[in-house]
Amino acid sequence: MITDFRLKVFKTVADRLSFTKAAEELLISQPAVTKHIGELEKQLGVPLLDRRRGAVSLTEHGKLALDYANRILDIYAGLNDAFAELGGPPAGSLRIGASTTIAQYVLPGILASFRRRYPEIDVEMATGNTEQIEALVAAGRIDIGMIEGKATSHALHYDPFMRDEVVLVTSVSNSAFRDEEVDLAALPRLPLVIRETGSGTLDILQEALAGHGIALRSMNIEMQLGSSESIKRYLYNSGAFAFISVQAVLDELIGNKLRIVETKGLQIDRSFRFVTAHGNYGRLAKFFRQFCTSIHNLKL
């Protein structure tokens with residue numbers, strides 16, 4: 215694979231704003247990272263990074279250099295893709311991103327299978343909520359994203375991946391509520407834990423409730439937390455409820471820690487989606503999308 219490792223080191227430090235994290239990600243020593251950055255700054259004749267008081271930030275020249283580095287590394291990636299198509303096993307670097315539910319509960323098994331089958335492809339994954347993953351795609355920081363929210367940006371391209379259902383759950387030990395279902399009229403009285411603003415799950419919930427004339431602000435919001443894991447652990451120790459992806463609670467349902475409460479008249483279905491920039495995005499991103507889809511279809 216053809217690339218400029220010095221530029222890759224600079225980009226990694228600039229993205230992580232940490233020499234230590236860059237060294238860990240690139241599997242090289244921290245002094246080696248410092249050496250590569252120093253040589254690049256010497257070649258360009260200007261400081262690219264400000265390293266005062268233990269913090270790392272980009273100088274104005276560094277911001278300009280990062281823009282060029284991203285474009286140059288993208289050209290190298292395109293060159294590698296073009297010649298990889300001529301034969302041989304797929305190889306190279308792939309930057310993916312996934313919103314939290316997909317990253318935690320859907321992708322790990324897929325990534326393990328992908329790695330076993332295609333060990334020459336190095337995968338780097340970023341996680342965040344739907345809004346953050348869309349921003350990374352739009353900025354060219356990742357090659358392909360996987361989100362659980364709606365397709366909202368006309369500047370991006372969306373493809374379906376798999377269906378999901380958002381269900382209402384509570385702890386099995388919630389002695390204050392033993393019913394197996396709840397109607398819409400009673401729903402606003404239940405103490406509810408919700409995801410953070412920007413979460414695809416929260417967006418879908420708001421839309422579903424609005425379809426029945428219920429505003430999220432009218433609900434009894436007890437807590438707002440930033441991940442499905444934190445919400446589940448909160449539920450274990452409270453009498454609260456949460457709308458959460460069924461993918462996120464499969465183990466807890468089997469382990470008899472959480473239970474689904476049917477919501478009469480309210481069915482919340484959604485699609486997980488791939489998100490990419492418009493245009494001819496990279497061969498490895500297309501390859502990964504096809505692999506994810508084929509693995510999912512085998513499970514159906």
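Taking the working numbering as reference, the numbering of the sequence shown is continuous, increasing by one, and the terminal residue is 514. Yeah, the Cβ is synthetic: ideal placement off N, Cα and C, and Gly gets one too. All of these numbers come straight from a predicted model, not from anything done at the bench.
Contact between the region 358-366 and the region 322-335 is absent, with fewer than three C-beta pairs closer than 8 Å.
Distance from the CA atom of Leu382 to the CA atom of Leu240, rounded to whole angstroms, is 42 Å.
Counting other Cβ atoms within 10 Å of its Cβ, Arg409 reaches 16 or more and is therefore classed as buried.
Your pair Ser307 and Asp288 does not check out as a contact, with CB atoms roughly 11 Å apart and the cut at 8 Å. For Ala456, the secondary structure class from DSSP, reduced to helix, strand or coil, is strand. Taken in chain order, the region 240-290 contains no complete beta strand (DSSP E) segment of 3 residues or longer. Between Ala291 and Lys225, the CB-CB gap reaches or exceeds 7 Å. The beta carbon of Gly440 is closer than 6 Å to those of Glu410 in its chain, skipping five residues each way along the sequence.
According to DSSP, Val407 shares a beta bridge with Met437 and Ala456. Between the region 383-396 and the region 449-461 there are three or more inter-stretch CB-CB distances shorter than 8 Å, so the stretches are counted as touching. For a cut-off of 8 Å, the C-beta gap from Ala491 to Leu293 is around 18 Å, too long to register as a contact. Under the DSSP assignment, Ile474 falls in the beta strand (DSSP E) whose first and last residues are Leu472 to Ile474.
For Val475, the closest alpha carbon among the candidates Gln346, His250 and Leu406 is that of Leu406. In this structure, the alpha-carbon of Gln257 lies about 10 Å from that of Ile251. In terms of Cβ geometry, Ser459 and Val380 form a close pair [threshold 7 Å].
Ser367 is a Cβ neighbour of Glu348, given a cutoff of 7 Å. Here the alpha carbon of Gln461 sits roughly 7 Å from the alpha carbon of Asp378.
Secondary structure of Leu449 (DSSP, three-state): helix.
Beta bridge pairing from DSSP links Asp397 with Lys478. The residues Leu430, in chain order, have a CB closer than 8 Å to that of Gln420 in the same chain once the five nearest residues on each side in sequence are set aside.
Within 10 angstroms of the beta-carbon of Ile316 lie 16 or more other beta-carbons, which makes it buried.
Phe486 sits in a strand when the DSSP states are folded into three classes. According to the DSSP secondary-structure assignment, Glu338 is paired through a beta bridge with Arg309.
Glu379 is bridged by DSSP to Asp483.
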